[in-house]
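Enquirer: Quick one: the structure is below, questions incoming.
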Amino acid sequence: MIKFLQDGNGKFSWNSISNISKRRNNLGDEMPVFMYRLFQYTLRDELIARFGKEVTIDIFRKSGERAGCEFAQNILDLALPFNEFFAQLQEVLQEKKIGILRIEKFDSSTGHIVLTISEDLDCSGLPVVGETVCNYDEGLLAGILKSYTKKSYQVVEVDCWSTGSRVCRFEGFLINEKE
Ligand SMILES: [Zn+2]
47 MIKFLQDGNG
57 KFSWNSISNI
67 SKRRNNLGDE
77 MPVFMYRLFQ
87 YTLRDELIAR
97 FGKEVTIDIF
107 RKSGERAGCE
117 FAQNILDLAL
127 PFNEFFAQLQ
137 EVLQEKKIGI
147 LRIEKFDSST
157 GHIVLTISED
167 LDCSGLPVVG
177 ETVCNYDEGL
187 LAGILKSYTK
197 KSYQVVEVDC
207 WSTGSRVCRF
217 EGFLINEKE
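Counting in the numbering used here, the sequence shown runs from 47 upward without gaps.
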C-alpha cells in the first residue's frame with residue numbers, strides 16, 4: 047500500500063492531490079499535455095506487458111471511474127437539474143482544458159446517453175490504429191454519471207481519433223444492478 051494516497055479507509059482521497067497552486071508557487075498547476083500522455087501511455091505499456099491488454103483496459107476503466115466519482119464530488123454541483131448539470135460539466139471540462147463536451151442524445155426513460163468530446167486530452171491527433179483508446183475517459187464519464195444519477199453506468203467509446211474519427215463519442219448505459 048502506498049500510504050500517502052490513502053484516506054482513513056485505505057483508499058485514494060481528493061486530499062492526496064494536495065494544494066497544487068500553493069505548493070508550486072512558481073510553476074503553478076498547469077503542465078503540457080505531452081507530459082500527461084507520456085505518463086499515461088508508458089504506464090499503459092508497462093501494464094500491458096505485465097498483465098495483458100484486457101486487464102489493462104479494465105484497470106484504466108476502473109481507475110477512471112474512481113477519478114470520475116472524486117471529480118464529480120469535489121468539483122461539480124451534483125444538486126443541479128440535468129441541463130444545468132451538463133452545462134456546468136461542459137464549462138469545467140473546457141476551462142480545465144480536458145476537452146469540449148457535447149451531448150448528442152439523452153433518453154430520460156432508459157438513461158441512455160451519447161456524449162462527444164472533441165480536442166480530447168487523451169487521443170486527439172493520434173494515428174488511426176483501428177481501436178478506441180480512451181478507456182480512462184470511459185471510466186471517468188461513468189463515474190461522473192454514477193455520482194450524478196446515483197445509478198451505475200457503463201460507458202463505451204464508440205468513435206475515437208484512433209479509429210479515424212475527429213471526436214471521441216461515448217455511449218452510456220444504465221447497468222441493471224440486479225443482473
Ligand atoms: Zn478517444
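Even for Gly, the Cβ is constructed at its ideal location relative to N, Cα and C.
Hey, could you find the ends of the alpha helix (DSSP H) GLU141 is sitting in?
Expert: Unbroken alpha helix (DSSP H) run through GLU141: 128-141.
Enquirer: For GLU130 and chain B, any beta-carbon pair shorter than 8 Å?
Expert: Reference to chain B is not applicable here, since this structure consists of a single protein chain.
Enquirer: Cβ of ARG90 within 8 Å of Cβ of THR102?
Expert: Yes, the pair counts as a contact, with Cβ atoms nearer than the cut-off.
Enquirer: In angstroms, rounded to a whole number, what distance separates the CA positions of GLN200 and ILE121?
Expert: When rounded, the distance between both Cα atoms is 22 Å.
Enquirer: What span of residues does the beta strand (DSSP E) with GLY7 cover, start to end?
Expert: Since the first and last residues shown for the chain are 47 and 225, residue 7 lies out of range.
Enquirer: Which of the three DSSP states, helix, strand or coil, is assigned to ILE121?
Expert: Helix.
Enquirer: Between THR178 and ILE63, what straight-line distance do the alpha-carbon atoms span, to the nearest angstrom?
Expert: Cα to Cα, the separation comes out at about 28 Å.
Enquirer: Going along the chain, which residues of its own chain have a beta-carbon closer than 8 Å to the beta-carbon of PHE132, five neighbours each way excluded?
Expert: Closer than 8 Å at the Cβ level, and outside the excluded window around PHE132, lie LEU147, ILE149.
Enquirer: Below 8 Å on the Cβ atoms is my contact criterion, and I expect ILE190 with GLY98 to pass it. Report the Cβ-Cβ distance as a whole number of Å.
Expert: Actually they are not in contact, since the Cβ atoms of ILE190 and GLY98 sit about 28 Å apart, beyond 8 Å.
Enquirer: Just list the residues that DSSP pairs ARG148 with in beta bridges.
Expert: Looking at the DSSP assignment, ARG148 forms a beta bridge with THR162.
Enquirer: SER193 and ALA125 - do their beta-carbons sit closer together than 8 Å?
Expert: Not closer than 8 Å, so no.
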